[in-house]
Amino acid sequence: MAKVIMIASNLGLWGEELQAPWDLVKQAGHEVTLATPQGKMPLPHMWSVNRDFRDPMHNLINIPEEIDRCFELMHNGEWDNPIKITDAKMEEYDAIVIVGGFGAPLDLNGNPQVIRMVQQAWVDNKTIGALCYAVGALCLARHPDDYKKSVLNGKTVAAHPREWDFRIPITYELAEATPDNPGTTVTTPGFVYPLRPLAEDAVGDQGTVISPPTTTRANPCVVYDAPFVTGLSFESSVAFGQKLVEVLAT
Amino acid sequence: MARILALASNMGLWAEELQAPWDVLTADGHQIQLATFKGITPLPLAFSMNPASIDRKLGTPIVPQHVFERTKALLESGAWDNVVKIGTDASGASQLTGPEMADYDAIMIVGGQGAAVDLCGNHKVSKLLVDAWQQDKLIGALCYGVGALAWARQPDDYRHSIVHGRTIVAHPKEWDYDMQIYYTLYNATPENPSPDFQTPGFLFPLRAVMEDAVGPNGTVISPPETTRDHPCAHYDHPFVTALSVESSQAFGEKFAEVLRSRVPAGAA
Numbered sequence: 005m006a007k008v009i010m011i012a013s014n015l016g017l018w019g020e021e022l023q024a025p026w027d028l029v030k031q032a033g034h035e036v037t038l039a040t041p042q043g044k045m046p047l048p049h050m051w052s053v054n055r056d057f058r059d060p061m062h063n064l065i066n067i068p069e070e071i072d073r074c075f076e077l078m079h080n081g082e083w084d085n086p087i088k089i090t091d092a093k094m095e096e097y098d099a100i101v102i103v104g105g106f107g108a109p110l111d112l113n114g115n116p117q118v119i120r121m122v123q124q125a126w127v128d129n130k131t132i133g134a135l136c137y138a139v140g141a142l143c144l145a146r147h148p149d150d151y152k153k154s155v156l157n158g159k160t161v162a163a164h165p166r167e168w169d170f171r172i173p174i175t176y177e178l179a180e181a182t183p184d185n186p187g188t189t190v191t192t193p194g195f196v197y198p199l200r201p202l203a204e205d206a207v208g209d210q211g212t213v214i215s216p217p218t219t220t221r222a223n224p225c226v227v228y229d230a231p232f233v234t235g236l237s238f239e240s241s242v243a244f245g246q247k248l249v250e251v252l253a254t
Numbered sequence: 336m337a338r339i340l341a342l343a344s345n346m347g348l349w350a351e352e353l354q355a356p357w358d359v360l361t362a363d364g365h366q367i368q369l370a371t372f373k374g375i376t377p378l379p380l381a382f383s384m385n386p387a388s389i390d391r392k393l394g395t396p397i398v399p400q401h402v403f404e405r406t407k408a409l410l411e412s413g414a415w416d417n418v419v420k421i422g423t424d425a426s427g428a429s430q431l432t433g434p435e436m437a438d439y440d441a442i443m444i445v446g447g448q449g450a451a452v453d454l455c456g457n458h459k460v461s462k463l464l465v466d467a468w469q470q471d472k473l474i475g476a477l478c479y480g481v482g483a484l485a486w487a488r489q490p491d492d493y494r495h496s497i498v499h500g501r502t503i504v505a506h507p508k509e510w511d512y513d514m515q516i517y518y519t520l521y522n523a524t525p526e527n528p529s530p531d532f533q534t535p536g537f538l539f540p541l542r543a544v545m546e547d548a549v550g551p552n553g554t555v556i557s558p559p560e561t562t563r564d565h566p567c568a569h570y571d572h573p574f575v576t577a578l579s580v581e582s583s584q585a586f587g588e589k590f591a592e593v594l595r596s597r598v599p600a601g602a603a
């Protein structure tokens, strides 16, 4: 059994991207600790738990059962008391998993503590998972002895396709927001930055970015190039969780 | 005289980073058109408008009195109220909105932590930069505005940034904040409000992004010993890039120097 720290945004988690790996990794018997920047529940972005949502870029929809399960996890106490990322110590965990949503580029990917944890996990050869936009955090983590290189340099990773990047402004309304956990009213011109070029630059000319816009729930996209498990977007959440379980078992 | 498109953030401009190049370039006779994400005045960060502000990283005063007074005068004069909306790039669709590079001779992007929120990854900003690059027009970027160059990709090679293989100045990692930062704006109004979030430092470490963007054959200049007396601005055609607030004046001067060399005095 592994001790896994799972990191999610306080400014716009994509519900299924935490729910699916959370359930799968726990069902496999691993001990999962949830961590967020503010130490508050990672509330899902409204769109990610909306039954009528249809992604305008690629027509993918949310699955009602996933939405129900997400609310169940929000209400049954499992996600109530995450630790603050700044209180997390990588040496206490065997693996680190960072999940996505619009909020990840705002409070996770460039978060100095998240970057330090990824770098530490990489040095110690621990499994490092990142899904959807959270792959950005791996791009920004550097070789400890060579700041010019990302820890992803030369690796093969999955990255959210540019064909799926929003070209309309994004807002960050959270489901079940409270005055104590409000999210933000900020609007951005799309995702905060495009993930695929960030990943292309991070892996460099010797690496490979896998980014097929043809990916679907039936044909998800997850890549394992040790120690990294990366997944494309929310349609690959289950496959990402399954791959993590498979890798943690070895 | 050149027509310059100047992009500034609505989420947290650093006052001097627009004020200094604005004054240098307008004094040289150039015409500047401001553009922002929302199409409204780029209000400076309150912290960048307080002469008592101490750099939280370096422990030194960071807002000269004359910069505060001059920026206040610019804001009160309405000089920064004539702003076009950057608009959207519907990519391939017929509905492109906002300014087009064909109407300008040069483009520059200034910083402040807000630039990372609404400019650097803005797809329309990327398009303007790629157009400028293809049209061989001068491209300037200061402080965190430099991040926008990384995500402007070569039109025939999405794997590479337009700065791939080039020499670029980038905000030093030693100066990146490892603490909560705020986006409180000077003289914010309900129509032009401060972003209501904090972030755990800048949205991304700029030097890391630029090291990867220029690649193994490029160079990132990022000296943490840079000061107002020894600023850091660099020209690698068509890019003029500069380090941070202390190099704002040097950025404006370098940009003006290159424009003079490209557009001889008296030329239309």
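Heads up: the protein sequence lines correspond to chains B and V, in order. Going left to right, the first sequence walks through residues 5 to 254 as the working numbering numbers them. Going left to right, the second sequence walks through residues 336 to 603 as the working numbering numbers them. Ideal placement from N, C-alpha and C gives every residue a C-beta, glycine not left out.
*asked:* Distance check for THR423 (chain V) and SER429 (chain V), CA to CA, integer angstroms please.
replied: Bear in mind that a pLDDT of 49 at SER429 (chain V), under 50, signals an unreliable position, so the number given afterwards is only what the model happens to contain. Those two C-alpha atoms are separated by around 11 Å.
_Quick test of the definition: if touching needs 3 or more C-beta pairs under 8 Å, does the stretch 110-129 of chain B touch the stretch 71-78 of chain B?_
Taking 8 Å as the limit for Cβ pairs, the verdict is that the stretch 71-78 of chain B does not touch the stretch 110-129 of chain B.
*Applying the criterion that 16 or more other CB atoms from any shown protein chain within 10 Å of the CB defines a buried residue, is ASP471 (chain V) buried or exposed?*
By the Cβ neighbour-count rule, ASP471 (chain V) is exposed, with fewer than 16 other Cβ atoms within 10 Å of its own.
*Does the stretch 517-527 of chain V come close enough to the stretch 474-489 of chain V that 3 or more CB-CB pairs lie under 8 Å?*
The answer is no - the stretch 517-527 of chain V does not touch the stretch 474-489 of chain V, with fewer than three Cβ pairs under 8 Å.
*Might you give, ordered along the chain, the residues of its own chain that have their beta carbon closer than 8 Å to the beta carbon of ARG171 (chain B), omitting 5 neighbours on each side?*
Cβ neighbours of ARG171 (chain B) beyond the five flanking positions: GLY194.
*Does GLU204 (chain B) come within less than 8 Å of chain V when only Cβ atoms are used?*
Yes, because at least one Cβ of chain V sits closer than 8 Å to the Cβ of GLU204 (chain B).
_Just list the residues that DSSP pairs ALA125 (chain B) with in beta bridges._
Looking at the DSSP assignment, ALA125 (chain B) forms no beta bridge with any residue, so it has no partner.
_Chain-ordered chain V contacts of LEU252 (chain B) [CB-CB under 7 Å]_ = Result: empty, since nearest Cβ-Cβ is about 28 Å, beyond 7 Å.
_Taking the alpha carbon of LEU47 (chain B) as the reference point, which residue from B:THR218, B:TYR137, B:GLY187 has its own alpha carbon closest?_
Of B:THR218, B:TYR137, B:GLY187, the residue nearest in Cα terms is B:GLY187.
_Please give me, in chain order, every unbroken run of the alpha helix (DSSP H) with length at least 4 that falls completely inside the stretch 111-179 of chain B._
116-127, 139-144, all fully within the stretch 111-179 of chain B.
*If we cut at 8 Å on Cβ distances, does ASN457 (chain V) have a partner in chain B?*
Interface annotation, ASN457 (chain V): in contact with chain B, CB-CB separation under 8 Å.
_I want to verify the contact list: residues of chain B whose CB lies under 8 Å from the CB of SER496 (chain V), in sequence order._
By Cβ distance, chain B contributes PRO201, ASP205.
_Is it the case that the stretch 498-511 of chain V contacts the stretch 558-570 of chain V, given that we only count it when at least three CB pairs across the two stretches are under 8 Å?_
Three or more beta-carbon pairs drawn from the stretch 558-570 of chain V and the stretch 498-511 of chain V are found closer than 8 Å, and the two stretches are therefore classed as touching.
*What's the C-alpha gap between ALA24 (chain B) and GLY245 (chain B)?*
For ALA24 (chain B) and GLY245 (chain B), the distance between alpha carbons rounds to 6 Å.
*Name the two residues that bound the continuous alpha helix (DSSP H) containing GLN366 (chain V).*
No alpha helix (DSSP H) contains GLN366 (chain V), which is instead part of the beta strand (DSSP E) from 366-371.
*Taking Cβ positions, are ALA162 (chain B) and ILE214 (chain B) nearer each other than 8 Å?*
ALA162 (chain B) places its beta carbon less than 8 Å from that of ILE214 (chain B).
_Using 8 Å for Cβ pairs, my map puts PHE532 (chain V) next to VAL251 (chain B). What's the rounded Cβ distance?_
In this structure, PHE532 (chain V) and VAL251 (chain B) do not form a Cβ contact; the two beta carbons are roughly 34 Å apart against a cut-off of 8 Å.
*With a cut-off of 8 Å on the beta carbons, I'd call PHE586 (chain V) and LEU477 (chain V) a contact; round off their distance for me.*
Between PHE586 (chain V) and LEU477 (chain V), the beta carbon gap of about 5 Å places them in contact (Cβ cut-off 8 Å).
*For THR90 (chain B), the three-state DSSP class (helix, strand or coil)*: Three-state DSSP puts THR90 (chain B) in a helix.
*Could you name the residues of chain B that GLY536 (chain V) contacts, counting a contact when the two beta carbons are closer than 8 Å?*
Within chain B, the residues near GLY536 (chain V) are GLY114, ASN115, PRO116.
*Is the CB of GLY413 (chain V) under 8 Å away from at least one CB in chain B?*
Answer no: the Cβ-Cβ gap between GLY413 (chain V) and chain B never drops below 8 Å.
_I want to see whether chain V comes within less than 8 Å of LEU4 (chain B), judged by CB atoms only; does it?_
Since the first and last residues shown for chain B are 5 and 254, residue 4 (chain B) lies out of range.
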